[in-house]
Every structure is written in C-alpha cells, then in structure tokens.
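> Chain order of the listed sequences is L and R.
Per our numbering, residue 1 is the first one in the first sequence, and the count goes up by one each step.
Per our numbering, residue 1001 is the first one in the second sequence, and the count goes up by one each step.
Glycine residues also receive a C-beta, built at the ideal position from the N, C-alpha and C atoms.
Computed from a prediction, not measured in an experiment: that's the story for all the values here.
Quick one: the structure is below, questions incoming.
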Amino acid sequence: MSATGSSREELNCLACPSCDLVFDISKLNDGESARCTRCGHFLTVYREGTLHRVMAFTSSALILMALACSFPFMTFKASGLESVMTLPETALKLWIYDMPGLSLLVAAFIIIIPTLMLLLILFLVGALLLNRNYSWLPRVGRLVYTLESWSMVEVFFIGVLVSLVKIAKMATIVMGISFWAYGAFSILFILALSGLDRAQCWGRIEALGIKGMASGEVPSERLGDNE
Amino acid sequence: MNSSLTAASRGLASCHLCLKLVSHTLHDCPRCGSEIHIRKVNSLQHTLAFLITASILYIPANLLPIMITDQLGRSTESTILGGVVLLIELGSIPIALVIFIASVMIPLAKLLVMFYLCWSVHHGPPEGTRQRTVLYRITEFIGKWSLIDVFVVAILVALIHLSNLLVIRPGIATVAFAGVVIASMLAAESFDPRLMWDQLETEDE
Ligand SMILES: [Zn+2]
Ligand SMILES: [Zn+2]
C-alpha cells in the first residue's frame, strides 16, 4: 500500500512507539487517554484547556528558578563554624576541583536545560494560545521534546533530600529561600510538562500550519484561543 | 480492525519526535522536520557500544574514591563499596543494604537487562515479548535516577567547607559514575523495542 499525501491514517492515527501497532486517536473525549492494547505503552491523553494552565505553571516556574539561583540554598553549621551553599555552586565547585566536564553537566541538568525548556515552552504555548503560525514553531517544539529526557530537576531535588538524611546527624542544617524555591520549581516544572502531551501538542502545531495555509494568513488581531 | 497491523507493514513510519505517521519513503517529517526512519538506525550496534562503555566505566566508578573527607588535617578517601563495608562493620545493615542496592546493584542490573534485551531481539522466546517490553520501559525510566549519587557528591562538596575543620572534595569516581549513568541512558535511548515485535511478526507468517 502506498501512502502518498495525507491518508486517513496519517492524520488520525498514531503508532505505538514500543511495538509499532497503529491506533486511531482522533476520537478521544476530554480527559481520556489511550494505551497500546498489545504492549501497554501509554500513547496520549486528550485534555481540553490545558494550555492556560501550562502557561501559568511555566511563568511561575521561571520566577522560582530566578529566586533559586539568587539566594542561599542551605547552610551547614558545626562547632561554631558555618558554610553556605548556593544552587549554582553545586556545579561551580566541581569546576574548582578540576572536573570541568562534570561541572558543566551538572549545571546543564539542573539549571540550563530546565530554564531553556521553560523559555521555549513560553514561546510555543504563547503562539498556540494566540493562534499564530510562526515559522519557528516546529523548531521550538523539536527542541523542547529533544531536551525533555535530559532535564534532571526532580532527580536533583531527591538528591538534596538524600544528602540531608546523610548529614543530618553531623551538624545543624538550615534551609534557605533557594531550597524552598527549587522544591516548588520542580513541582511546577513537572506539572507544566505533563500538560504538554506530545501527540496533542504536535497536532495543534500542525493544525495551525494547515489553517495558515488555507486562509493564506492568520488574522493578527485575534487574541482568542480555540480550546 | 486497524489495531491488528503495524505501521511498518502498511508502509508507514512513525516520527520519533512528534509521533506523526508518514510514508516511509519520506526523508524528513513534514510536521516537525526530524529525520524519518522506520526503525532507529543501527539500533543494536549503538546500544551495545554504549553498554560496553558503561560496563568499562562501572569498574573505576566502584573501585576509585568517590569522595575525599579532610577532617582536622587528615584525609579519608571513600569508595562506594568501602562505604557499604564500613556501614556493615558499624552494624547499620539496613542502610548498607539500601546504598548497596541503589548505587551498586541497580546500575549493574540496568546493564545486564539491556544486554539481555539486545540478545533477546534474535533469540528470545516470542511469548515473553510483552514482558520484555515492560522490562525495557522500566529500565528506561530508572535511567536518570541513578544520577542521585552524583548529585549527592556535588551537593556535599558545595555545602561542607569549614576551612580547617571539615572539607569534602569530589573523588574521580564521581566522573566515572556519571559516565556509567549517561552511557546507560544513551544505550536505552538507542535501543528500539519494536525490533523484538518485528521478530514476532516474521515468525507468525
Ligand atoms: Zn505497543
Ligand atoms: Zn515529526
């Protein structure tokens, strides 16, 4: 069977990433999700009106990240002495101890990649909410979903908790503003990403493109969102 | 009716990035611009290469010091395994067990599972394909969580620096351990579970 142009499958269907079985996902109701019947892989979830929420989570998360980078994270107190740690220092200290590669990786995993992703999501969701078909939209979307597996926000925060357990008996630990900011940041970050279902998000990007082509141009004054 | 056929058997390929179904003859995805391949390119070779890298790094990660503690002018180097032995000697068997499982067993189990999955593509029992797919997805999910150990070292190094009293420095095993985790993550990402199902399909015919 030759599939040229846009066949029905190409528009409405999805192949399971784990076993390649094809499923029609165009008839999901609000809140319904689809799973592969052969291997159980999660396919997609359709929810109405998630974009506004994603926008709110994303912008709050960016503010929290700015706070997390500018205040002390934790203070270690023992025998009348104390030392302070900030979030960027987690990566910078490794550089000082001659591990530049690891230092860059840690900075990328916990600060740079998550922040970059949020900024890109701001543009992506902003364009979708404004119903505008910008030429950079697919490129931004591709970057967001490529970076997704390399953000370690939640892993780092659990690492912080494990460290606390390890040293709790040795000294007094005081949590700073940055600690609470990063904790809240990791929750908002996960919530924002969970509102951006891969198949649904790309469906919207594609729909904008098709609409743009059909009408020649999308009216620029309209600010409504078709959710 | 549709759900009895795979995309490949209909001449379709699924975009790895945006999941769009397109004709396998296309070069780039019309929706997101990523390259289109029916299956991940050279999946088994890439997976095995990353697995071997990770296995080699696993040795220094466990044998070399992961952290150095300078306490009152005395330096103590600690390895992952040394820490476990110390805890057993001190009688904290439960904590020793948790650290042993999280830092030693799980990274090793991930490597063994991925080696097994690669082998099973051509030699595995067909009736276990679903279980093996689930096993793959669990391994893929656990992947990044092993970095906790690396973060713990980074945090303790950044936090504890009381000039002459107590300073913690990172050991070289931290780099090796990060290498193990990242190479295993890349191995999981290169592996294509659909190859196991393809095998099933050819046997059915
Ligand atoms: Zn499946
Ligand atoms: Zn695509």
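(1) What in chain L is Cβ-close to Arg1094(R), meaning under 8 Å?
(2) Quick one, are the C-beta atoms of Ile1160(R) and Phe76(L) less than 8 Å apart?
(3) Taking the straight line between their C-alpha atoms, what separation do you get for Arg1132(R) and His1122(R)?
(4) If I'm right that Met175(L) touches Met85(L) with Cβ under 8 Å, what's the distance once you round it to whole angstroms?
(5) Looking at chain L, is there any beta carbon in it that lies within less than 8 Å of the beta carbon of Arg1137(R)?
(6) Given that a residue counts as buried once 16 or more other Cβ atoms are within 10 Å of its Cβ, and exposed if not, what is Ala1109(R)?
(7) Scan the segment 152-165 of chain L for residues whose Cβ lies nearer than 8 Å to a Cβ of chain R and list them as they occur along the chain.
(8) Give me the chain L residues within the contact set of His1161(R), using Cβ-Cβ distance strictly less than 7 Å, ordered along the chain.
(9) Quick one: which residues of the segment 1011-1031 of chain R get their C-beta closer than 7 Å to a C-beta of chain B? List them in chain order.
(10) Report yes if the C-beta distance between Cys39(L) and Cys13(L) is below 8 Å; otherwise report no.
(11) Return the Cβ separation of Ile1155(R) and Val160(L) in integer angstroms, given the expectation that the two are a contact with Cβ distance under 8 Å.
(12) Can you give me the C-alpha to C-alpha distance between Glu82(L) and Leu1135(R), rounded to a whole angstrom?
(13) Would Asn1002(R) count as contacting chain L if we go by Cβ distances under 8 Å?
(14) Quick one: list the residues of chain L neighbouring Phe1050(R), beta-carbon separation under 8 Å, in chain order.
(15) Within 10 angstroms of the Cβ of Ala181(L), are there 16 or more other Cβ atoms? Answer buried if so, exposed if not.
(16) With H, G and I counted as helix, E and B as strand and the rest as coil, what does DSSP make of Leu1019(R)?
(17) CB Ser26(L) to CB His41(L), shorter than 8 Å?
(18) How about Phe185(L) and Met65(L): are their beta carbons less than 8 Å apart?
(19) Pull the bridge partners of Met1067(R) from the DSSP assignment, please.
(20) Ligand 1 heavy atoms versus the CB of Asn21(L): any closer than 7 Å?
(21) With respect to the beta strand (DSSP E) encompassing Met117(L), which residues constitute its N-terminal and C-terminal limits?
(22) What residue does the beta strand (DSSP E) around Arg35(L) start on, and which one ends it?
(23) Can the beta-carbon of Asp24(L) be found closer than 8 Å to that of Trp1197(R)?
(24) Can you list, in chain order, the residues of the segment 19-41 of chain L whose Cβ is nearer than 8 Å to any Cβ on chain R?
(25) Hey, is Arg47(L) close to ligand 1, as in C-beta under 7 Å from one of its heavy atoms?
(26) Quick check: the segment 195-209 of chain L against the segment 138-151 of chain L, are at least 3 beta-carbon pairs closer than 8 Å?
(27) With burial defined as no fewer than 16 other Cβ atoms inside 10 Å of the residue's Cβ, what is the status of Gly141(L): buried or exposed?
(28) Beta-carbon of Cys69(L) versus every beta-carbon of chain R: anything under 8 Å?
(29) Assign Ile1138(R) to one of two classes, buried (16 or more other C-beta atoms within 10 Å of its C-beta) or exposed (fewer than that).
(30) Taking 6 Å as the limit, tell me which residues put their C-beta closer than that to any heavy atom of ligand 2, in chain order.
(31) Using a Cβ cut-off of 8 Å, pull out every chain R residue sitting near Tyr134(L), in sequence order please.
(32) Check whether the segment 107-123 of chain L touches the segment 1177-1189 of chain R, counting contact only when three or more Cβ pairs, one atom from each stretch, lie closer than 8 Å.
(33) Answer yes or no: does any C-beta atom of chain R fall closer than 8 Å to that of Glu217(L)?
(34) Can you find the residues in the same chain that come closer than 8 Å, C-beta to C-beta, to Ala1013(R), ignoring five residues on each side of it along the sequence?
(35) Taking the alpha-carbon positions, what's the Ala78(L) to Gly1171(R) distance?
(36) Which stretch, first to last residue, makes up the alpha helix (DSSP H) that contains Cys1118(R)?
Looking at the coordinates:
(1) Taking the first residue of the second sequence as 1, we reach residue 1094(R) at position 94. Looking at the sequence itself, residue 1094(R) is Pro, so the reference to Arg does not match. Neighbours of Pro1094(R) on chain L: none; closest Cβ ~13 Å, over 8 Å.
(2) For the purposes of this step, residue 1160(R) is identified with residue 160 of the second sequence, where counting begins at 1. For the purposes of this step, residue 76(L) is identified with residue 76 of the first sequence, where counting begins at 1. Their beta carbons are under 8 Å apart, which means Ile1160(R) touches Phe76(L) by this criterion.
(3) On the second sequence, position 132 is the one that residue 1132(R) refers to. On the second sequence, position 122 is the one that residue 1122(R) refers to. If you take the alpha carbons of Arg1132(R) and His1122(R), they lie about 13 Å apart.
(4) In the first sequence, residue 175(L) corresponds to position 175, counting from 1. In the first sequence, residue 85(L) corresponds to position 85, counting from 1. Between Met85(L) and Met175(L) the Cβ distance is about 11 Å, and since that is not below 8 Å, they are no contact.
(5) Here residue 1137(R) corresponds to residue number 137 of the second sequence, with the count starting at 1. So, interface residue.
(6) For the purposes of this step, residue 1109(R) is identified with residue 109 of the second sequence, where counting begins at 1. Exposed, since its Cβ has fewer than 16 Cβ neighbours within 10 Å.
(7) Met152, Val155, Phe156, Ile158, Gly159, Val160, Val162, Ser163
(8) Here residue 1161(R) is taken as the residue at index 161 of the second sequence, counted from 1. Simply Ser83.
(9) Of the protein chains in this structure, namely L and R, none is chain B.
(10) Translated into the one-based positions of the first sequence, residue 39(L) becomes position 39. Translated into the one-based positions of the first sequence, residue 13(L) becomes position 13. The answer is no: Cβ separation not under 8 Å.
(11) For this step, residue 1155(R) is matched to residue 155 along the second sequence. For this step, residue 160(L) is matched to residue 160 along the first sequence. Cβ-Cβ separation between Ile1155(R) and Val160(L): approximately 6 Å, consistent with a contact (criterion under 8 Å).
(12) Within the first sequence, residue 82(L) is the residue found at index 82, counting from 1. Within the second sequence, residue 1135(R) is the residue found at index 135, counting from 1. C-alpha separation (whole angstroms): 46 Å.
(13) In the second sequence, residue 1002(R) corresponds to position 2, counting from 1. Reliability fails at Asn1002(R), whose pLDDT of 40 lies under 50, so the model's placement of it is uncertain and no value is given.
(14) Stepping through the second sequence from its first residue, residue 1050(R) is reached at position 50. Within 8 Å Cβ-Cβ: nothing; Phe1050(R) doesn't reach chain L, min ~14 Å.
(15) Your numbering for residue 181(L) matches position 181 in the first sequence. Ala181(L) should be labelled buried.
(16) The sequence position of residue 1019(R) within the second sequence is 19, counting from 1. In the structure shown, Leu1019(R) sits in coil (DSSP, three-state: anything other than H, G, I, E or B).
(17) One-based indexing of the first sequence puts residue 26(L) at position 26. One-based indexing of the first sequence puts residue 41(L) at position 41. No; because the gap between Cβ atoms is not below 8 Å, this pair is not in contact.
(18) Stepping through the first sequence from its first residue, residue 185(L) is reached at position 185. Stepping through the first sequence from its first residue, residue 65(L) is reached at position 65. A contact, by the Cβ cut-off of 8 Å.
(19) Mapped onto the second sequence, residue 1067(R) falls at position 67. Under DSSP, Met1067(R) takes part in a beta bridge, and its partners are Ser1078(R), Pro1170(R).
(20) To locate residue 21(L), count along the first sequence from 1; it is residue 21. Looking at the sequence itself, residue 21(L) is Leu, so the reference to Asn does not match. Result yes, Cβ under 7 Å from ligand 1.
(21) Translated into the one-based positions of the first sequence, residue 117(L) becomes position 117. Counting along the chain, Met117(L) falls outside any beta strand (DSSP E), though it belongs to the alpha helix (DSSP H) covering 113-130.
(22) In the first sequence, residue 35(L) corresponds to position 35, counting from 1. It spans 33-35 - the beta strand (DSSP E) in which Arg35(L) sits, taken as one unbroken run.
(23) Stepping through the first sequence from its first residue, residue 24(L) is reached at position 24. Stepping through the second sequence from its first residue, residue 1197(R) is reached at position 197. Annotated as distal: Asp24(L) and Trp1197(R), with beta-carbon spacing of 8 Å or more.
(24) Cys19, Asp20, Leu21, Val22, Phe23, Asp24, Thr37, Arg38, Cys39, Gly40, His41
(25) For the purposes of this step, residue 47(L) is taken as the residue at position 47 of the first sequence. Arg47(L): no, Cβ never under 7 Å from ligand 1.
(26) Touching, yes, given that three or more Cβ pairs across the two stretches are closer than 8 Å.
(27) Reading the first sequence from its first residue, position 141 is the one you call residue 141(L). Flag for Gly141(L) reads buried.
(28) For the purposes of this step, residue 69(L) is taken as residue 69 along the first sequence, with counting starting at 1. No, Cys69(L) does not count as interfacial toward chain R.
(29) On the second sequence, residue 1138(R) is found 138 positions in, with the first residue counted as 1. Burial call: exposed.
(30) Cys1015(R), Leu1017(R), Cys1018(R), Lys1020(R), Cys1029(R), Arg1031(R), Cys1032(R), Ser1034(R)
(31) The sequence position of residue 134(L) within the first sequence is 134, counting from 1. Within chain R, no residue has its CB atom less than 8 Å from the CB of Tyr134(L), the nearest being about 14 Å off.
(32) Inter-segment contact for the segment 107-123 of chain L and the segment 1177-1189 of chain R is absent: fewer than three beta-carbon pairs are separated by less than 8 Å.
(33) Here residue 217(L) refers to the residue found at position 217 of the first sequence. For Glu217(L), the predicted structure reports a pLDDT of 47, less than 50, and the residue's modelled location is therefore unreliable. The matter cannot be settled from this model.
(34) As a first step, residue 1013(R) is located in the second sequence; it is residue number 13 there, counting from the start. Counting only Cβ-Cβ distances below 8 Å, and skipping sequence neighbours, we find Ala1007, Leu1021, Val1022, Ser1023, His1024, Leu1026, Ile1036, His1037, Ile1038.
(35) Along the first sequence, one-based indexing puts residue 78(L) at 78. Along the second sequence, one-based indexing puts residue 1171(R) at 171. Between the alpha carbons of Ala78(L) and Gly1171(R) lies a distance of about 23 Å.
(36) As a position in the second sequence, residue 1118(R) is number 118, starting the count at 1. Its alpha helix (DSSP H) spans residues 1106-1123.
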